[in-house]
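As given, the protein sequences belong to chains H and L, one line each in that order. Here the first sequence stands for residues 1 to 186, numbered as in the numbering used here. Here the second sequence stands for residues 1001 to 1215, numbered as in the numbering used here. In this text, a Cβ means the ideal position worked out from N, Cα and C, and glycines have one as well. Keep in mind the model is a prediction, meaning the values are calculated, not measured. A short worksheet on the structure shown next.
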Amino acid sequence: MPDKIEHRSNVVCPRCKHVIAVGHNNAKHYVLALCVTALILLAVACSFSFISFASNGQARTINLLQTFTELYAQGYIFVSLLVFLFILLLPLLYLLSLSYIILSTRYRLGFLPVIGLGKVISHILPWSMAEVFLIGVLVALIKIISMADIFLQASFWAYVLFAPLFTHIVFIVDNHRLWRWVDDAK
Amino acid sequence: MQNKRMPQGGKACFHPDSAAAQGLLNCLVCHELVGDHEKRCPRCSTKLRARVNNSTQISFSLLLTALFLYIPANVYPIMITDMLGDRTQSTIIGGVILFLESESYFIAAVIFIASIIVPVGKMAAIAWLCYSVNRKKPIRKAELTQVYRITEFIGKWSMVDVFVVAILVALIQLGGLMSIQVGIAASAFAGVVILTMVSAHQFDTRILWDKMEDE
Chain H
1 MPDKIEHRSN
11 VVCPRCKHVI
21 AVGHNNAKHY
31 VLALCVTALI
41 LLAVACSFSF
51 ISFASNGQAR
61 TINLLQTFTE
71 LYAQGYIFVS
81 LLVFLFILLL
91 PLLYLLSLSY
101 IILSTRYRLG
111 FLPVIGLGKV
121 ISHILPWSMA
131 EVFLIGVLVA
141 LIKIISMADI
151 FLQASFWAYV
161 LFAPLFTHIV
171 FIVDNHRLWR
181 WVDDAK
Chain L
1001 MQNKRMPQGG
1011 KACFHPDSAA
1021 AQGLLNCLVC
1031 HELVGDHEKR
1041 CPRCSTKLRA
1051 RVNNSTQISF
1061 SLLLTALFLY
1071 IPANVYPIMI
1081 TDMLGDRTQS
1091 TIIGGVILFL
1101 ESESYFIAAV
1111 IFIASIIVPV
1121 GKMAAIAWLC
1131 YSVNRKKPIR
1141 KAELTQVYRI
1151 TEFIGKWSMV
1161 DVFVVAILVA
1171 LIQLGGLMSI
1181 QVGIAASAFA
1191 GVVILTMVSA
1201 HQFDTRILWD
1211 KMEDE
């Protein structure tokens, strides 16, 4: 592994051509700023209404949380739990752990084990599905757009921004970089 | 002690280019490369193994479970629509056909890809990987690793269908006029997605490279 990777260039595996590490000159500040942005967007996405739906004089507005609380109310606890974990809790945990690790490289925070957080990040990463949820929302909208009037609300737009942002953070924070930060924070 | 961490046959079955043949182990969590005298990774204290024990067996058994769950996922309705007292139950494939009939080819294609092609393709890919590492013939091409990467990458995309149902169920609750209930297939399908993801994750790609033929 080279010590210094050129800005915005990738290091690929010589055998399988998979991207192992991504170069960035100021990754720590950049990622921390993106994390804060993503956390704010996620807070916005949770606190306003998501989508409104009107058909034959009847209207209904939902917020983001209702996408899984309604499943819970219908008795599908397993699916409801999965949706909650995949679209909200795990991305949130990822961002919080990552911010904590980055801050620990600068300040002595010390109230959480950094190595444990690094392991948490490595384990929850495949299970964060913000971008998949976004596609799911779009497909659902296309499905019902012909039979009712749909109004997209603030929370929807916040999530539309959040999902690609999250994917971008995940791309910049490759495993190599993450564990170097963990080493710095120790 | 050494032999406990080695797969059947000891050191001889490692590819000469591999780290294990040079007395090195790769930590699967933090990707640190350490000498094989270490029992745990010095950085993240994960247990180290040259190759994951029984990785193909575990992957394959998870795959079989997913395959069995895929049957109720397709047979039972994933969504039940109540429209003015009229009750329609729709299965996954039924939804695709419905959109084909109403000439919404794009949505039909999206749902067909996400809920049929991706899960089936993924299960086939894992089965193929498990088969390839267990047959006697060496693996000729490095393409199998790419098959694995693709399998791992597309895994979560089949969750789209479950999310669509979750949103529709939350949104369309207009009492007697129109309402949507979840069907049992949603749970089964979510189970299939989870199991195939864990199955792909359990598969140790390093055994693919052990069987690589020298070029």
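Every unbroken stretch of the beta strand (DSSP E) spanning 3 or more residues and falling wholly within the region 123 to 154 of chain H is given here in chain order: 149 to 152. For D1082 (chain L), the secondary structure class from DSSP, reduced to helix, strand or coil, is strand.
When secondary structure is reduced to three states using DSSP, K1039 (chain L) falls in the coil class, being assigned neither helix nor strand. By the C-beta density criterion, T67 (chain H) is buried, having at least 16 other C-beta atoms within 10 angstroms. Just so you know, the alpha carbons of K1211 (chain L) and G1035 (chain L) end up roughly 22 Å apart.
For L1033 (chain L), the secondary structure class from DSSP, reduced to helix, strand or coil, is strand.
Shown in chain order are the members of the region 1196 to 1210 of chain L whose Cβ falls below 8 Å from a Cβ of chain H: M1197, H1201, W1209.
DSSP, reduced to helix, strand and coil, places T1046 (chain L) outside both helices and strands of the structure shown, so it counts as coil. Taken through DSSP and simplified to helix, strand or coil, L64 (chain H) comes out as coil.
Going by DSSP, V12 (chain H) is part of the beta strand (DSSP E) stretching over 10 to 12.
For the pair of segments examined, the region 45 to 65 of chain H was found not to touch the region 164 to 176 of chain H: the number of CB pairs separated by less than 8 Å stays below three. Of all residues in the region 9 to 28 of chain H, only R15, C16, H18 place a beta-carbon less than 7 Å from a beta-carbon of chain L.
Taking a C-beta distance under 9 Å as the contact criterion, V22 (chain H) and R8 (chain H) qualify as a contact pair. In this structure, the beta-carbon distance from Y159 (chain H) to A130 (chain H) falls below 9 Å. Taking all protein chains in view, the Cβ of W127 (chain H) is crowded by 16 or more other Cβ atoms within 10 Å, so the residue is classified as buried.
Straight through space, the alpha carbons of S1102 (chain L) and N26 (chain H) are spaced by roughly 51 Å. The Cβ of F1163 (chain L) sits closer than 9 Å to at least one Cβ of chain H.
Distance between V1164 (chain L) and Q74 (chain H), taken at the CA atoms: about 16 Å.
In the structure shown, N175 (chain H) falls within a helical segment according to DSSP collapsed to helix, strand and coil.
For Q74 (chain H), the secondary structure class from DSSP, reduced to helix, strand or coil, is coil. Contact between V1160 (chain L) and V1169 (chain L) is ruled out by a C-beta separation of about 15 Å, above the 8 Å threshold. A distance of 9 Å or more separates the beta carbons of A38 (chain H) and P113 (chain H). In this structure, the straight-line span from the alpha carbon of H1015 (chain L) to that of G1023 (chain L) is close to 12 Å. Exclusion of the five residues before and after L1208 (chain L) leaves L1129, S1132, V1133, I1139, L1144, T1145, Y1148 as the residues of its chain whose Cβ lies within less than 8 Å of its Cβ. For Q74 (chain H), the chain L residues whose Cβ falls inside 8 Å of its Cβ are V1169, Q1181, V1182, in order along the chain. Residue pairing by DSSP places R1206 (chain L) opposite no residue, since no beta bridge is assigned to it. By the neighbour-count criterion, in which 16 or more other beta carbons inside 10 Å mark a residue as buried, T1151 (chain L) falls on the buried side.
The beta carbon of V36 (chain H) sits closer than 8 Å to those of S99, all from its chain and outside the five residues before and after it, given in chain order.
Taking a Cβ-Cβ threshold of 7 Å, the residues of chain L close to T67 (chain H) are A1166, I1167, A1170, in chain order. Interface annotation for the region 1078 to 1101 of chain L against chain H: empty, criterion Cβ-Cβ distance under 7 Å. Closest option to C13 (chain H), judged by alpha-carbon separation, among H:V79, H:G110, H:H176: H:H176.
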